[in-house]
């Protein structure tokens, strides 16, 4: 789904910078799909990865940082929390950039927080 979503975004917004914010869902799923996740973000220009959203699972020692280490992507970054994601986006976004938040957890609040930041700065209407 990630690869398909990013390909659709790339098609819909040709020539624009594409940011993918990804919050992996559950330790077991992320670990078992590591090879697929490691190559799924090719259509994104920038990939920001949050800690794994555990949902019902207990921490098994596997981290999203390990996924980022396996990614063959020129700009994939693991950040330790949503505050860091929001700060990175507010500092690095440019007009016309496209941000997709891919999450089954609480990362859905990232887009609202980034919007609120730029609205307060009167950079969007």
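Numbering (my numbering), first residue to last: 385 to 509. A virtual CB, placed ideally from N, CA and C, is assigned to each residue, including glycine. All figures in this text were calculated on a predicted structure; none of them were measured in a lab.
Do residue 421 and residue 390 count as a contact pair if the criterion is CB distance below 8 Å?
Translated into the one-based positions of the chain shown, residue 390 becomes position 6. Translated into the one-based positions of the chain shown, residue 421 becomes position 37. Going by C-beta atoms, residue 390 is not nearer than 8 Å to residue 421.
Secondary structure of residue 488, DSSP reduced to three states
Here residue 488 is taken as the residue at index 104 of the chain shown, counted from 1. DSSP, read as helix, strand or coil, puts residue 488 in coil.
Three or more C-beta pairs below 8 Å linking the region 456-463 and the region 423-439
Cβ pair count under 8 Å is three or more, so yes.
Residues of its chain near residue 428, where Cβ-Cβ distance is below 6 Å and the 5 sequence neighbours each way are ignored:
Here the question's residue 428 lines up with position 44 in the chain shown. Taken in chain order, the residues that qualify are 390, 402, 404.
Smallest Cα separation from residue 431: which of 419, 439, 443, 449?
Here residue 431 refers to the residue found at position 47 when the chain shown is read from its first residue. Taking the Cα of residue 431 as reference, the smallest distance to any Cα among 419, 439, 443, 449 is reached at 449.
Can you tell which of 474, 393, 411 has the C-alpha that lies nearest to the C-alpha of residue 444?
Position 60 of the chain shown, counting from 1, holds the residue named residue 444. For residue 444, the nearest C-alpha among the options comes from 411.
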